[in-house]
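Asks:
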Amino acid sequence: MKCITLTLYFFLIIISVLPQNVQYVDSLKKALSQSDEDTNKVKLYANLSWEYQWSYPDSALAYSLPGLQLAKKLHFEDGEFDNLTSLGMSLTLKGNYSKALETQLKATKIAERLNDHERVEDNLWFIGGVYQYSGDYRKALHYFNKMNRKNILSENSKILLGMIGQCYFYLNNLDSAMFYIKKVYDYDVRSSSHWSPVYYYMAAIYDKKGSFLPALDYYREGIKLSVNKADSIDGYIWMATVFKNIGTEDSAVYYSKKAITEALSASFPSTVLEASKLLVDIYKSKHFTDSAFRYQELMLAAKDSLFSEEKVKQLQNISFNEQLRQQEIQQTEEQYKNRIKTYVLLGGITVLLLLAGILYRNNRQKQKAKAKIEKAYQVLKTTQAQLIQSEKMASFGELTAGIAHEIQNPLNFVNNFSEVNTELLQEMKQEIGKGNLNEVESIANDVIDNEQKINHHGKRADAIVKGMLQHSRSSTGQKEPTDINALADEYLRLAYHGLRAKDNSFNATMKTDLDQTIEKINIVPQDIGRVLLNLYTNAFYAVNEKKKRQGEDYQPTISVSTKKINDKSDSYRIQIKVKDNGTGIPQKVMDKIFQPFFTTKPTGQGTGLGLSLSYDIIKAHGGEIKAETQDGQGAEFIILLP
Amino acid sequence: MKILAVDDERDVQHLFEQRFRKEIKNGEVEFVFANSGNEAMSYLSDHTREETLVLSDIKCQV
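Residue numbers (the working numbering), protein chains in the order written: chain A, 1126 to 1767; chain B, 1453 to 1514.
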């Protein structure tokens, strides 16, 4: 029965171009004779070889061998593959399985090297075919199942599916066999080109189940539709077997002889073996010794050529080698995978290390930068403290001139009054001598008055000196009840005289509008004084600038007003306004004037800390300071205190 | 001799009156005091050519 697998090889070109197409074969031969020694000739060899394959494998060999040689010479691997597989196929059909397998495995290496998926699949099919022919169905299935083509149903893949069905059939798995064969059969019935083996296998399955009549019908249909010698011979052997099994021996002998005759002419030794085996069995059972002996010889000859011990050995060897090769491939694959894994791991580690490095560097840079910033911050803080101190000293300087003037007056009084007193006392002495007591009393009263004046002006000088000391002190001042009107007035005069001391030509109208109902409020007098001094100095500066520009027509005016806010809903109780008619503040710098170190004065003339300090002081008192201005018309500063 | 003294320090009047006590008594000098420039000007405009001397503070409120 094994020989029946023979005709399965139908795929590729064979399906569309059948060997009976003599015209096509002739045109190929003509082209071959005219062709140069090039790749095209290699292709022609392969095509011709495949054309002869199924009917005359020997002729096929005669074309694939020179084709293979030429392909090797030209290093034309596509052509080498095509001719190698054709050669392998011929060897398979001729029963030389070991050589066939070796040839196909050579083709495998080429297909893998070309990375040609189509050819790799074809090759798998051919190798599976070798095993199927040699009767190793499990191995055959192993190769067939590797193919993607088995998952689709087409003219080409129907043969593959049919072969898979056949393998299951021979492995006695009838359900799986039926599944594949029925699928192909249904497809083939509707197809325009038919493939008889599938009919045989439908029949064989029925046969095995004991339904002889439908089996015979399928065989006849298959033989009728067969398109080449190999197929029809197979049909004969199948029928002979059925007839033999059901005891119709004449019909069995008839079909067997028909098969042998045809198989011998086409050189299909496996078919000869099968058919002669059938005949030997029949003749033996009938005790026709001569005939039985004759066919026995034929059978042995065929068997020899197919399964000589050496050939079996070779096949085993090659199978073993193939297994080794597969293992090697697997190992290589695993090694490759491991290498990839190692590379990925190394890559990952490198990336991580890099990341860690970058992070470490960043961190270090950050720390360095932090240290730098902290140092710079410390320097800045020190500088700022120094600047604040120098601002105090600057305002102290402004004060000194005013103070000198202020202190001068009381000292003059002290000196003059004490001189007057000396004179008066001398006069008194004379009057005492004269006994003019009325005059003495009058002089004594004057002396007392003058002493009070001396005392008053002495205290006044003392207060000025104390105030000066207070001003130069760092602001650790305590809040104390203070007459805000007196403070505003005192500092106004200090500022004015300070400016006059520097610029003798300067003059300004000073207006004061002080609310006498204001009681003493709790403030740090030297701090608020400093604020007022700042505002006054700025005001005088502004009017002076304007005076320089406008000349005599302009009358510089500074006005100070205090007011008690009686509205209970307002959180502030005292309002102090310092207004001038100077140059005003440009609108675009209005939101900057309270920022530290912002100044509109020429370099060296202002620290830019005055208003900033004032702002801080007023904030510290829980108050508010704001400015209103009209550019060119003057400015007004309003202090609100709780 | 009539003298106009202009000073914003009010004690100046007292001091002058003490200092020139004898001269005032003898009628040698007569003092008039003004506390500001404006006051002095208004006095002068009211009393024409009476004064022979004006003593004034150079740094004084107008």
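Here a beta-carbon is modelled for each residue, glycine too, at the ideal position from N, C-alpha and C.
1. What first and last residue would you give for the alpha helix (DSSP H) that runs through A/Asp1151?
2. Whose CA, out of A/Gly1583, A/Lys1578, A/Gln1720 and A/Ile1648, lies closest to the CA of A/Leu1612?
3. Using only the alpha-carbon positions, how far apart do A/Gln1533 and B/Asp1463 sit?
4. Count the other CB atoms within 10 Å of the CB of A/Thr1754; is the residue buried (16 or more) or exposed (fewer)?
5. On the premise that A/Ile1407 lies in contact with A/Lys1369, defined as a C-beta separation below 8 angstroms, what is that separation, rounded to the nearest angstrom?
6. Mind pulling the chain A residues with CB within less than 7 angstroms of B/Glu1461?
7. How about A/Ala1384 and A/Thr1396: are their beta carbons less than 8 angstroms apart?
8. Pick from A/Leu1423, A/Gln1651, A/Asp1300 and A/Glu1387: whose alpha carbon is nearest that of A/Ile1742?
9. Can you tell me where the beta strand (DSSP E) holding A/Ser1301 begins and where it ends?
10. Name the residues in the stretch 1462 to 1484 of chain B whose C-beta lies less than 7 angstroms from a C-beta of chain A; which are they?
11. If we call anything under 8 angstroms between Cβ atoms a contact, is A/Gln1700 one with A/Ile1646?
12. Counting only C-beta atoms, is A/Asn1575 closer than 8 angstroms to chain D at any point?
13. So A/Asn1706 contacts chain B; which residues on that side make the cut at Cβ distance below 7 angstroms?
14. Does DSSP put B/Leu1456 in a helix, in a strand, or in coil?
15. Pull the bridge partners of A/Ser1684 from the DSSP assignment, please.
16. Is A/Phe1665 close to chain B? Criterion is C-beta to C-beta, closer than 8 angstroms.
17. Can you tell which of A/Leu1299, A/Ala1265, A/Asn1298 and A/Ala1340 has its C-alpha closest to the C-alpha of A/Leu1285?
18. How about A/Lys1578: is its C-beta nearer than 8 angstroms to some C-beta of chain B?
19. Could you name the residues of the same chain whose beta carbon sits closer than 8 angstroms to that of A/Val1539, not counting the 5 residues immediately before and after it, in chain order?
20. Rounded C-beta distance between A/Glu1237 and A/Arg1274? I'm assuming under 8 angstroms.
21. Closest Cβ-Cβ distance between A/Phe1538 and chain B: below 8 angstroms?
22. Nearest-angstrom Cα distance between A/Pro1767 and A/Glu1644?
23. Span of the alpha helix (DSSP H) holding A/Thr1607?
24. Indicate the three-state DSSP secondary structure (helix, strand or coil) for A/Ser1392 in the structure shown.
25. Does B/Gly1479 come out as helix, strand or coil in the three-state DSSP assignment?
26. Check the DSSP bridge columns for A/Phe1762 and list the partner residues they point to.
27. Terminal residues of the continuous beta strand (DSSP E) containing A/Leu1296?
28. Anything in chain B within Cβ reach of A/Asp1571, meaning under 7 angstroms, just list it in chain order.
29. Determine the DSSP secondary structure at A/Ser1223, reduced to helix, strand or coil.
30. Less than 8 angstroms between CB atoms is the rule here; does A/Val1545 satisfy it with respect to chain B?
31. Hey, out of A/Tyr1420, A/Val1437, A/Lys1436 and A/Met1364, whose CA is closest to A/Phe1337's CA?
32. Using the beta-carbon of each residue, which ones in chain B are nearer than 8 angstroms to A/Tyr1541?
33. Can you tell me whether DSSP reads B/Phe1485 as helix, strand or coil?
34. Okay, do the stretch 1465 to 1476 of chain B and the stretch 1689 to 1699 of chain A touch, 3+ Cβ pairs below 8 angstroms being the bar?
35. Spell out a yes or no on whether the stretch 1419 to 1433 of chain A and the stretch 1398 to 1406 of chain A are touching, meaning 3 or more CB-CB pairs, one atom from each, closer than 8 angstroms.
Replies: Considering the structure as presented:
1. Val1147 to Gln1159
2. A/Ile1648
3. 14 angstroms
4. buried
5. 6 angstroms
6. Asn1534
7. yes
8. A/Gln1651
9. Not the beta strand (DSSP E): A/Ser1301 falls in the alpha helix (DSSP H), residues Leu1299 to Arg1315.
10. Asp1463, His1466, Leu1467, Gln1470 and Arg1471
11. no
12. Here the protein chains are A and B, and chain D is not one of them.
13. Residues of chain B passing the Cβ test: none, with the nearest at roughly 16 angstroms.
14. strand
15. A/Lys1636 and A/Lys1704
16. no
17. A/Ala1265
18. yes
19. Ile1579, His1582, Gly1583 and Ala1586
20. Not really, about 17 angstroms apart at Cβ, beyond 8 angstroms.
21. yes
22. 13 angstroms
23. Segment Glu1605 to Thr1607 is the beta strand (DSSP E) holding A/Thr1607; no alpha helix (DSSP H) there.
24. coil
25. coil
26. A/Val1703 and A/Ala1752
27. Where A/Leu1296 is concerned, there is no enclosing beta strand (DSSP E), given that its DSSP letter is neither H nor E.
28. Gln1470
29. helix
30. yes
31. A/Met1364
32. Here the sequence assigns Asn to residue 1541 of chain A, which means Tyr is not the residue at that position. Result: Leu1467 and Arg1471.
33. strand
34. no
35. yes
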